[in-house]
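A.B. asks:
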Amino acid sequence: MSNHEVPPLLGQVADAVSGAIGRVRPELAGADPVVRRSEHADFQANAALALAKRARARPADLAAELVAALGSGPIGTVEVSGPGFLNIRVPDAVVWGQVAARLGSSRLGVGLPDDGRRTVIDYSGPNIAKEMHVGHLRTTIIGDSLVRVLGFLGEEVVRQNHLGDWGTQFGMLIQYLDEHPEAAWHQDELSAGTSSVSALDELYKTARKEFDAEPAFADRSRQRVVDLQSGDPATLAKWKEIVAESEKAFRVIYDRLGVLLRPEDSVGESFYNPMLAETIDELVRAGLAVESDDALVIFSEEVTGPDGSPVPLMVRKRDGGYGYDTTDLATIRYRIHDLKATRLLYVTDSRQALHFKMIFEAARRMGWLTDAIEVEHVPFGTVLGKDGRPFKTRAGGTVRLMDLLDEAVARARAVVAEAEKNPELTDTDLDQIAELAGIGAVKYADLSTSRVKDYVFDPDRMVSFNGNTGVYLQYAHTRIRSILRRAGDPEVIVDPGVALEPAERALALQLDGYSAMLNEVSTTLEPHRLSGYLYELARDFTTFYESCRVLDADEPIRSNRLALCQLTARTLAHGLSLLGITAPERM
Ligand code: ARG
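For the sequence shown, our numbering begins at 24 and goes up steadily by one.
1. Alpha carbon to alpha carbon, how far is Ala91 from Ala376?
2. Relative to ligand 1, is the shortest distance from any of its heavy atoms to the C-beta of Gly408 smaller than 7 angstroms?
3. Who are the near neighbours of Ile164 in its chain, counting only those whose CB is closer than 6 angstroms to its CB and skipping five residues on each side?
4. Tell me which same chain residues have a C-beta within less than 8 angstroms of the C-beta of Asn542, skipping the five on either side of it?
5. Return yes when the C-beta of His185 is under 7 angstroms from any heavy atom of ligand 1, and no when it is not.
6. What residues in its chain sit with their C-beta under 6 angstroms from that of Val438, if we drop five residues either side in the sequence?
7. Can you have a look at Ala309 and say buried or exposed, based on whether 16 or more other CB atoms are within 10 angstroms of its CB?
8. In whole angstroms, what separates the C-alpha of Pro97 from that of Gly493?
9. Less than 7 angstroms between the CB of Gly148 and some heavy atom of ligand 1, yes or no?
10. With DSSP run on the structure shown, which of helix, strand or coil describes Thr206?
11. Between Glu233 and the rest of its own chain, which residues show a CB-CB distance below 8 angstroms, the 5 nearest in sequence each way excluded?
12. Starting from the C-beta of Asp342, find all residues in its chain whose C-beta is less than 6 angstroms away, skip the five residues before and the five after it, and write them out in chain order.
13. Return yes when at least one heavy atom of ligand 1 lies under 7 angstroms from the C-beta of Tyr467, else no.
14. Look up Asn110 in the DSSP assignment and give the residues it is bridged to.
15. Does the beta-carbon of Lys41 have 16 or more other beta-carbons within 10 angstroms, so that it is buried, or is it exposed?
16. For Leu407 and Leu284, what's the separation of their Cα atoms in angstroms?
17. Compute every distance between the C-beta of Thr371 and the non-hydrogen atoms of ligand 1, then say whether any falls below 7 angstroms.
18. Quickly, what does DSSP pair Ala312 with across the bridge? List them, please.
19. Could you tell me how far apart the beta carbons of Tyr369 and Asp145 are, in whole angstroms, since I believe they sit closer than 8 angstroms?
20. What separation, rounded to the nearest whole angstrom, lies between the Cα atoms of Leu595 and Thr217?
21. Quick one: measure Cβ to Cβ for Arg182 and Val172, integer angstroms, because I've assumed they're closer than 8 angstroms.
22. Glu430 and Pro513 look like a contact to me (Cβ under 8 angstroms); what is the Cβ gap, rounded to whole Å?
23. Apart from the five residues just before and just after Ala561, which ones in its own chain have a Cβ nearer than 6 angstroms to its Cβ?
24. Can you tell me which of the three DSSP states Leu336 falls into?
25. Looking at Gly328: is its Cβ nearer than 8 angstroms to the Cβ of Val320?
26. May I ask you to list the residues that DSSP assigns as paired with Ile144?
27. Would you check whether ligand 1 has a heavy atom nearer than 7 angstroms to the C-beta of Asp145?
28. Quick one: what's Gly187 bridged to in DSSP?
29. Please state the DSSP three-state secondary structure of Thr5.
30. Between the alpha carbons of Glu458 and Asp426, how many angstroms are there, rounded?
31. With which residues is Pro413 paired in a DSSP beta bridge?
32. Taking 7 angstroms as the cut-off, is the beta-carbon of Asp351 closer than that to any non-hydrogen atom of ligand 1?
33. Check whether the region 121–135 touches the region 143–163, taking contact to mean three or more Cβ pairs, one atom from each stretch, closer than 8 angstroms.
34. Sort Ala64, Ala54, Met24, Tyr558 by Cα distance to Arg528 and report the nearest one.
35. When the Cα of Arg366 is compared with those of Ala592, Arg141, Phe66, Leu33, which residue comes out closest?
36. Using the three-state DSSP reduction, which class does Arg552 fall into: helix, strand or coil?
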């Protein structure tokens, strides 16, 4: 198999129309030919309407000139419709040629358009000694899918898990643990179903109460913060132990989700401690960071508060401490200067939009961020319960992610078992499929909604075999795989001389749009475009399979149709894998 890029028909047609524009109106060479997929033909070019004014012609006349100047190649027939639309049909043989070329490519004909980009992507970022919440589930899933898509398109992706592993709260927690050696929080001391982060989360809350009620404990805790910050070995050792134990608990979730995050991707807030002083120094020397009310701040030139005064970034707090803002200033500087990023992405919920806007502004004013570097906050909405309110347990607490995944897997198992689409499946098969389907369902539900929107976490809907769900797509893939198995998984040769049926044409053109859609995901950073594409693809396949016989068709039609089945199955499985979802062979 080759790994050559197969230029999509849309681009080929656009090039042909561009060529015609240059020939009839040399002064308009390079203008956008405005080519889109169309319901009336394969593609529609709106260039004549868009350019009529500049060409000082009636759209219909310009359209006629363009038709006359169009060559052949990807252009089969052209009709002018309405005030000057060009309805373009591609010759059947050219469409079959695309199918064959993509099928012969290990990359489905997708090129490496983003080659040369070095992308640092910040995602997941749970907080040490705190339970991961559903927001962390979203950043982990969205970030993972972006890592996969951008990496596939040729970007050199650097994953960064910005753990919340530093702060004054650790002083209090360490002091409390020292004074209560009986408190259980190591994974091996806990009962199954409790993780060390949830134990630590609880202990922290208890410590907090003691801190508020007992001035002596509060004093000892404050001293402990000083010890931690000045690197006292015993305190540091305890802190490291807390970090390691929490990371183990996060690891369990990551493994279950099957995300690409590795331990070496963990570069938490504490990593930037040694860089804070020089970062602040630079900010002060540049005159960006200024004293205000005993604190050191950067006043924004872009963001103002309700009273019209500029909003500050906190570089050093009044008590001398450094916080989230300080760390993110050092972080962006490091990612540009040391990691040499040309693209910087931060996947967090939309409530942090202002924070990042101000960090980017400061980095730009400092000259760290230049126009050669793309920087983007990739925000997402809130996960809601069925009642439309932010997702919480009945008691109002954070929902444990593991419980949530367990629930989705249990429902998926019930649905798959009940559907009995495959009576020969054993219990072990079912367990494995349920895991893939349940986890896939959770990811797909997230990745199929427009990223910035809030979405309702509804396990019943997620695992449904019908509608735009992960299970539907996984099942669509297994159906095609079963057709191909019955055919003996042959190596087929596509005969370009076969006439295309309308349903075949629709399916082939959808398959041909795979690379353009992936490019859109890269520019918009919206994985739901990929989900939407796969859903349409599965539906185009269904229409094709309902109207075209495959296994009992005569040759060479049979082989051509098997080629469509193969390319659809491979594209579905590949697209799902870019969403981080496994497509099983049977279910
Ligand atoms: N720990 C943060 C949270 O839980 C997310 C970190 C995001 N990354 C960053 N560079 N600030 O909200």
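Note that CB positions come from ideal geometry on N, CA and C, so glycine has one too.
C.D. replies: Considering the structure as presented:
1. 52 angstroms
2. no
3. Lys466, Asp469
4. Pro136, Leu176
5. yes
6. Val486
7. exposed
8. 35 angstroms
9. yes
10. For the sequence presented, residue 206 should be read as Ala rather than Thr. It is coil, neither helix nor strand.
11. Tyr199, Phe240
12. none
13. no
14. Gln67, Glu102
15. The residue asked about is misnamed: residue 41 is Ser in this sequence, not Lys. Buried, since its Cβ has 16 or more Cβ neighbours within 10 Å.
16. 26 angstroms
17. yes
18. Ile321
19. 5 angstroms
20. 37 angstroms
21. Rounded, the Cβ-Cβ distance is 14 angstroms, inconsistent with contact.
22. Contact flag wrong, Cβ pair sits at about 42 angstroms.
23. Leu496, Ala499
24. strand
25. no
26. Arg182, Leu368
27. yes
28. Asn150
29. In this structure the chain extends from 24 to 610, so residue 5 is not present and cannot be described.
30. 13 angstroms
31. Leu407
32. yes
33. no
34. Ala64
35. Arg141
36. helix
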